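Novice: For the record, the sequence lines run as chains A and B.
The first sequence lines up with residues 0 to 139 when you count with numbering that gives the first Met the number 0.
The second sequence lines up with residues 0 to 139 when you count with numbering that gives the first Met the number 0.
Just so you know, even glycine gets a beta-carbon here, dropped at the ideal spot from N, CA and C.
Just so we're clear, the structure is a prediction, and the values are computed from it rather than from any experiment.
First, the structure itself, so that you have it in front of you.
Protein chains: 2
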Amino acid sequence: MIQPRMTHQREIILQKLRSVTTHPTADEMYEMVRQHLPHISIATVYRNLEWLANNGYAQKIEVGGRQKRFDGTTQPHYHVRCLTCGRVDDVHIPVAPIAEGLKSRAEEYTGYVITGHSIEFTGYCSSCRHNKTKNGNAYP
Amino acid sequence: MIQPRMTHQREIILQKLRSVTTHPTADEMYEMVRQHLPHISIATVYRNLEWLANNGYAQKIEVGGRQKRFDGTTQPHYHVRCLTCGRVDDVHIPVAPIAEGLKSRAEEYTGYVITGHSIEFTGYCSSCRHNKTKNGNAYP
DNA sequence: ATAAGTGCAAACGATTTGCGACCGC
DNA sequence: GCGGTCGCAAATCGTTTGCACTTAT
Numbered sequence: 000m001i002q003p004r005m006t007h008q009r010e011i012i013l014q015k016l017r018s019v020t021t022h023p024t025a026d027e028m029y030e031m032v033r034q035h036l037p038h039i040s041i042a043t044v045y046r047n048l049e050w051l052a053n054n055g056y057a058q059k060i061e062v063g064g065r066q067k068r069f070d071g072t073t074q075p076h077y078h079v080r081c082l083t084c085g086r087v088d089d090v091h092i093p094v095a096p097i098a099e100g101l102k103s104r105a106e107e108y109t110g111y112v113i114t115g116h117s118i119e120f121t122g123y124c125s126s127c128r129h130n131k132t133k134n135g136n137a138y139p
Numbered sequence: 000m001i002q003p004r005m006t007h008q009r010e011i012i013l014q015k016l017r018s019v020t021t022h023p024t025a026d027e028m029y030e031m032v033r034q035h036l037p038h039i040s041i042a043t044v045y046r047n048l049e050w051l052a053n054n055g056y057a058q059k060i061e062v063g064g065r066q067k068r069f070d071g072t073t074q075p076h077y078h079v080r081c082l083t084c085g086r087v088d089d090v091h092i093p094v095a096p097i098a099e100g101l102k103s104r105a106e107e108y109t110g111y112v113i114t115g116h117s118i119e120f121t122g123y124c125s126s127c128r129h130n131k132t133k134n135g136n137a138y139p
């Protein structure tokens, strides 16, 4: 039986994650947390983000792009990702009614037992539309 | 101005990709193509899959899991991923009517210009439900 | 006191890149 | 022949892991 501990590092990581509405990557979290805990290791950040996600304190979101992102919110919702700058924002469309319709249809068509779904929108955020200074499209 | 060439490697890669209904990862493609071109390099496979995706011959699909997958089909559709074995199948739900409703609502809520969306279902495929021999849940 | 958690550095898996040789057009 | 493409090996990027040391309970 595991006996989880609320360490100082874990506490700060969760607090920082909840303090933002963005969806930071592990290394963005590392930079944020380092301001309070300068000696923290990137491995500790990864381990704790994983732990927080597995224990219902946060969610790990696997959207397009190379890095995984983390979300301090636990209720289900959808995401938009900017194709220019890579930022990920929430889409506050009600999930439940959509989910019902999709789930049953998907089960019929595929023979899977469906346990979840996610929707990722892609497009251009307002700030990227304004500064047309293309940044090399780092996030295709 | 670029002058793309249909090299032997590119041709075989596309042909192999179109010959399957699965959604192979780059290294699965490498193994498949190697049966015909034993000296091909994994780098060539990556470069060509990227090229095919960027030039409308295939799509790169970025679902959960560590590796990206490729799809020889270019018309839009959704995917299901098995949480046990990691396989990805198509979900033949009509995309257009769903897309319209979602797109406009997402734009309203976020201020993004939405250019696309993808839906990924997760669940358990029929063969994984039958062999309950858990394989360590390699694909969370 | 004990086992969960840490920091560090090294290992890892997936993908990308630099470069000289090669081959479609 | 020119320039796009190849194969190879090395480099890079994000993430995970082994290990000796801390620390919360």
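1. Over what stretch of residues does the beta strand (DSSP E) that includes V32 (chain B) continue unbroken?
2. Give me the chain B residues within the contact set of F69 (chain A), using Cβ-Cβ distance strictly less than 7 Å, ordered along the chain.
3. Is R80 (chain A) helix, strand or coil when you go by DSSP?
4. Suppose you measure from the CA of P75 (chain B) to the CA of V94 (chain B); what does that come to, to the nearest Å?
5. Does the segment 28-47 of chain A come into contact with the segment 33-52 of chain B, if we say contact requires no fewer than three beta-carbon pairs (one atom in each stretch) closer than 8 Å?
6. Rounding to the nearest angstrom, what Cα-Cα distance links K15 (chain A) and R4 (chain A) in this structure?
7. Kindly indicate which residue of A:E119, A:T109, A:D88 has the alpha-carbon position closest to the one of G71 (chain A).
8. Does the Cβ of Q58 (chain B) have 16 or more other Cβ atoms within 10 Å, making it buried, or fewer, making it exposed?
9. Taking DSSP as the reference, what is the three-state secondary structure of L62 (chain B)?
10. At the 8 Å Cβ level, is D144 (chain A) part of the contact set with chain B, yes or no?
11. Counting C-beta neighbours from all protein chains within 10 Å, is the total for S117 (chain A) 16 or more, i.e. buried, or is it exposed?
12. Give a yes or no on whether 8 Å exceeds the smallest Cβ distance from G55 (chain A) to chain B.
13. Secondary structure at Y56 (chain B), three-state DSSP: helix, strand or coil?
14. May I have the straight-line CA-CA distance separating A52 (chain A) from S126 (chain A), to the nearest angstrom?
15. Compare the Cα-Cα distances from T21 (chain A) to each of A:V79, A:E49, A:R33 and report the closest residue.
16. Using a 10 Å radius around the Cβ and a threshold of 16 neighbouring Cβ atoms, would you call R68 (chain A) buried or exposed?
17. Residues in the same chain with beta-carbon distance under 7 Å from Q8 (chain A), minus the five sequence neighbours each way, listed in chain order, please.
18. If you measure from the beta carbon of T132 (chain B) to each beta carbon in chain A, is any gap under 8 Å?
19. May I ask you to list the residues that DSSP assigns as paired with S117 (chain A)?
20. Could you check whether the Cβ of L82 (chain A) sits closer than 7 Å to any heavy atom belonging to the ligand NAP?
21. Assign I1 (chain B) to one of two classes, buried (16 or more other C-beta atoms within 10 Å of its C-beta) or exposed (fewer than that).
22. Could you check which residue in B:V112, B:T83, B:S103 has the C-alpha nearest to that of I113 (chain A)?
23. Please determine, among B:E119, B:L13, B:M31, the residue with the shortest C-alpha to C-alpha distance to Y77 (chain A).
Specialist: From the atom records:
1. Boundaries around V32 (chain B) are those of the alpha helix (DSSP H), 25-33, since no beta strand (DSSP E) includes it.
2. Within chain B, no residue comes near F69 (chain A); the closest Cβ sits about 14 Å away, beyond 7 Å.
3. Note: R80 (chain A) maps to strand in three-state DSSP.
4. Their Cα atoms are separated by approximately 7 Å.
5. No: fewer than three Cβ pairs fall under 8 Å.
6. Note on geometry: alpha-carbon atoms of K15 (chain A) and R4 (chain A) lie some 18 Å from one another.
7. Closest option to G71 (chain A), judged by alpha-carbon separation, among A:E119, A:T109, A:D88: A:D88.
8. The Cβ neighbour count for Q58 (chain B), taken over all protein chains shown within 10 Å, is at least 16; the residue is labelled buried.
9. Inspection of the sequence shows that residue 62 (chain B) is occupied by Val rather than by Leu. V62 (chain B): coil per DSSP, three-state reduction.
10. Because chain A is modelled from 0 through 139, residue 144 (chain A) falls outside the range shown and cannot be assessed.
11. Flag for S117 (chain A) reads buried.
12. No, G55 (chain A) lies away from the interface with chain B (no Cβ there is under 8 Å from its Cβ).
13. Residue state, collapsed to three classes: coil.
14. A straight line joining the alpha-carbon of A52 (chain A) with that of S126 (chain A) spans about 30 Å.
15. Nearest of A:V79, A:E49, A:R33 to T21 (chain A), Cα basis: A:V79.
16. The residue in question, R68 (chain A), is buried, as its Cβ has 16 or more Cβ neighbours within 10 Å.
17. Closer than 7 Å at Cβ, skipping near neighbours: L36, I39, T43, N47.
18. For T132 (chain B), the predicted structure reports a pLDDT of 48, less than 50, and the residue's modelled location is therefore unreliable. A value from the coordinates is still provided. For T132 (chain B), the answer is no, since every Cβ of chain A falls outside 8 Å of its Cβ.
19. Beta-bridge pairing links S117 (chain A) to B:E119.
20. Looking at this structure, you won't find the ligand NAP or any other ligand, since it has none at all.
21. Looking at its Cβ environment, which holds fewer than 16 other Cβ atoms inside 10 Å, I1 (chain B) is exposed.
22. Of the listed residues, the one whose Cα sits closest to I113 (chain A) is B:T83.
23. The shortest Cα separation from Y77 (chain A) among B:E119, B:L13, B:M31 belongs to B:E119.
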